[in-house]
Amino acid sequence: MTTGVTVRTVHDVAGLAAVSDHFSDVWHTPRTAPPYPAEVLHSLVHAGGAVHAVYDGQRLAGAAVAVLGAERSTYSLVAAADRGLGYAVKQAQRDWAVGLGARTMRWTFDPLVGRNARFNLAKLGAVGTEYLVDFYGPMTDGVNDGDESDRLTVTWDLTAPRPPYEAEAHGPVIRTAPDGGPLARRDLADRYVWCRVPDDIVELRAADPTLALRWRHAVREVFLEAFVAGFRATGMSRDGWYTLTRTEEAA
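Heads up: the sequence shown runs through residues 21 to 271, numbered per the working numbering.
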């Protein structure tokens with residue numbers, strides 16, 4: 021961990037209020053209308069969940085919220101941290117979950133945000149197991165406003181080593197992206213599909229929401245078709261290509 025950086029669970033009212041304010045700043049909402057109010061965080065902690073906060077010195081630099089699930093599972097409701105500190109927060113969540121006997125953790129994220137996909141799939145080794153269309157319905161925060169809220173569910177095996185990353189995208193192009201470039205490729209052995217996402221969907225959404233929505237629908241179509249055929253999201257390259265791998269059961 022970076023020198024001066026600490027991660028700890030938060031239980032007190034003042035600490036939870038600071039976490040709530042942090043989430044407001046990340047999602048560009050007024051602090052008077054946070055996406056996760058302090059009283060809700062307090063209730064989740066009281067019910068057995070955990071709020072982890074990462075501090076860079078004395079400064080709050082990130083936080084994550086997780087709750088217990090059924091059958092030795094946990095669910096991460098939200099996580100946001102300064103660049104370079106997300107891994108420390110997720111490892112703290114992992115240690116908390118494993119200490120309670122959990123084997124897996126699940127959460128969702130926007131599949132068009134490539135940097136988050138790379139962190140979740142390539143860095144942590146989680147697997148995209150479910151594609152959710154317009155999961156939250158219309159959103160009115162400062163990040164997602166005007167878009168459809170598709171989300172990719174990932175499942176993180178908390179006890180398994182991180183799997184190696186798969187091969188880079190190759191094979192014939194099977195779909196064209198809204199920018200005219202390749203959107204999806206499929207290998208000739210029909211074991212992998214690769215799908216490209218925009219370089220920065222948040223920036224694109226602000227500059228051209230219509231084009232951003234076209235990307236949303238195009239990527240959605242690739243994922244839904246692949247998931248029905250037994251593929252799962254297993255990797256993300258630095259240049260924005262998902263790896264979708266056919267499961268052994270579907271092979």
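Glycine residues also receive a C-beta, built at the ideal position from the N, C-alpha and C atoms.
All figures in this text were calculated on a predicted structure; none of them were measured in a lab.
- In this structure Ser93 is in contact with Arg126, their Cβ atoms being roughly 7 Å apart against a cut-off of 8 Å.
- Residue pairing by DSSP puts Pro202 in a beta bridge opposite Thr196.
- Put simply, the backbone Cα of Tyr212 is about 22 Å away from that of Pro181.
- In this chain, the beta strand (DSSP E) harbouring Thr149 covers 147-152.
- The Cβ-Cβ distance between Trp176 and Ala146 falls below 7 Å.
- Between the C-alpha atoms of Tyr107 and Val71 there is a straight-line separation of about 15 Å.
- Counting only runs of at least 3 residues, the region 88-131 fully encloses the following beta strand (DSSP E) elements, listed from N- to C-terminal order: 93-101, 124-129.
- A contact is defined here as three or more CB-CB pairs under 8 Å, and the region 204-222 meets this definition with respect to the region 249-268.
- Under the criterion of beta carbons closer than 8 Å, Pro218 and Arg205 do not qualify as touching, at roughly 17 Å.
- Contact annotation, Lys110 with Leu144: C-beta distance approximately 6 Å; criterion of less than 8 Å satisfied.
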